[in-house]
Amino acid sequence: MEQHKHILNEQDDHLNEIADIANRLHHAAININVEIDDQGNKIKQLDVEMDKTQKKMNFVQKKLGDLLKTNDQSQICTILILFGTLCALIFLLIYT
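Each residue of the sequence shown is one higher than the one before, starting from -12 at the first, in my numbering.
Set out below in structure tokens:
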């Protein structure tokens, strides 16, 4: 009888350990789920930003395509001169 009680106590101890482990796993799973939800929200936000950026890039590419189609050399020269001036100003800003 004493041995039977000892075995039951050991089984109770093991069951308590298993319950503690299951509880820790449950909390870990909840934390993982929260993190996955956060990552999903960040991915959705990134997708929205990528769509906005893609629309802007398409607009700029269309404008550049229109610019390159023009035969007005003075307009292209003006843009190149302004770009060169911008590069020079950035260079001066960085190195002075």
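Ideal placement from N, C-alpha and C gives every residue a C-beta, glycine not left out.
Collapsed DSSP secondary structure at residue i in the structure displayed
i	result
MET(-12)	coil
LEU83	According to the sequence provided, residue 83 is Thr. The question's Leu does not apply to it. Coil at THR83, not helix or strand.
ASP25	helix
ASP59	coil
Neighbour flag for residue i against chain C, beta carbons, 9 Å
i	result
LEU79	In the displayed structure, chain C is absent; only one protein chain is listed.
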